[in-house]
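1 is the number of the first residue of the sequence shown in my numbering; add one for each residue after it.
Notes to accompany the following structure.
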Amino acid sequence: MTSAPQRGYQLAPQELTAQVKTLATIGDQTSALVASAGRLAQRTPMLGTAPPAIHLAMRLREAAGESGLTGEVSAANTELAGFHQALQTALTRYLDSETDIAGTFRTLGGESR
Numbered sequence: 001m002t003s004a005p006q007r008g009y010q011l012a013p014q015e016l017t018a019q020v021k022t023l024a025t026i027g028d029q030t031s032a033l034v035a036s037a038g039r040l041a042q043r044t045p046m047l048g049t050a051p052p053a054i055h056l057a058m059r060l061r062e063a064a065g066e067s068g069l070t071g072e073v074s075a076a077n078t079e080l081a082g083f084h085q086a087l088q089t090a091l092t093r094y095l096d097s098e099t100d101i102a103g104t105f106r107t108l109g110g111e112s113r
């Protein structure tokens, strides 16, 4: 949105469209990160067989699991997807309304298209 002098705010649909595309790209990258964190959580790090190494390996695996890194990235991905969908819906509704209003003005002005 950009500020118009003494006229309130004006929406710039092309800028919002660019943001929607950017959010989609970030969403794809976040999904890949979720998958990577999931793979990390499934593997036990090769730190040796000494009890401290085994304990550390298990702690690292737990930290990457559903309650750790994987869970946090999944939650962020869900929030991002929700925001992306909301922005896309708002933009679509705005453009539809703008088209309807423009048609009404053309009709009221006597133009026919």
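Don't be surprised by glycine CBs; every beta carbon is placed ideally from N, CA and C.
### Enclosing alpha helix (DSSP H) for Pro51 [first to last residue]
Indexing the sequence shown from 1 puts residue 51 at position 51. Counting along the chain, the alpha helix (DSSP H) containing Pro51 begins and ends at Pro51 to Ala64.
### Message
Contact between the segment 60 to 67 and the segment 28 to 47 is defined here as three or more beta-carbon pairs at a separation below 8 Å; is this criterion met?
### Response
Taking a contact to require three or more Cβ pairs closer than 8 Å, the segment 60 to 67 and the segment 28 to 47 qualify as touching.
### Query
Looking at C-beta atoms only, is the number of pairs between the segment 74 to 85 and the segment 48 to 58 that lie closer than 8 Å three or more?
In the pairwise beta carbon analysis, the segment 74 to 85 is classified as not touching the segment 48 to 58: fewer than three pairs are separated by under 8 Å.
### Leu108 in three-state terms, based on DSSP
Position 108 of the sequence shown, counted from the first residue, corresponds to residue 108. Correct three-state label for Leu108: helix.
### Message
Suppose you measure from the CA of Tyr94 to the CA of Val20; what does that come to, to the nearest Å?
### Response
For the purposes of this step, residue 94 is identified with residue 94 of the sequence shown, where counting begins at 1. For the purposes of this step, residue 20 is identified with residue 20 of the sequence shown, where counting begins at 1. Val20 has its alpha-carbon roughly 14 Å from the corresponding atom of Tyr94.
### Task
Classify Leu108 as buried or exposed, calling it buried when 16 or more other Cβ atoms lie within 10 Å of its own Cβ.
Counted from its first residue, the sequence shown places residue 108 at position 108. It counts as exposed.
### Task
Starting from the Cα of Ala86, find the closest Cα among Val34, Ser67 and Leu16 and give me that residue.
Counting from one through the sequence shown, the residue named residue 86 turns up at place 86. With distances taken between Cα atoms, Ala86 lies closest to Leu16.
### Query
For the candidate residues Ala18, Asp100 and Glu66, whose alpha-carbon lies nearest to that of Val34?
As a working note, residue 34 is residue 34 in the sequence shown. Comparing Cα-Cα distances from Val34 to each of Ala18, Asp100 and Glu66, the minimum goes to Glu66.
### Query
On the three-state DSSP scale, how would you describe Ser36?
Against the sequence shown, residue 36 aligns to sequence position 36. If DSSP states are grouped into helix, strand and coil, Ser36 belongs with the helices.
### Message
DSSP three-state label for Thr30, please.
### Response
By 1-based counting over the sequence shown, the position of residue 30 is 30. Of the three classes helix, strand and coil, the one that applies to Thr30 here is helix, per DSSP.
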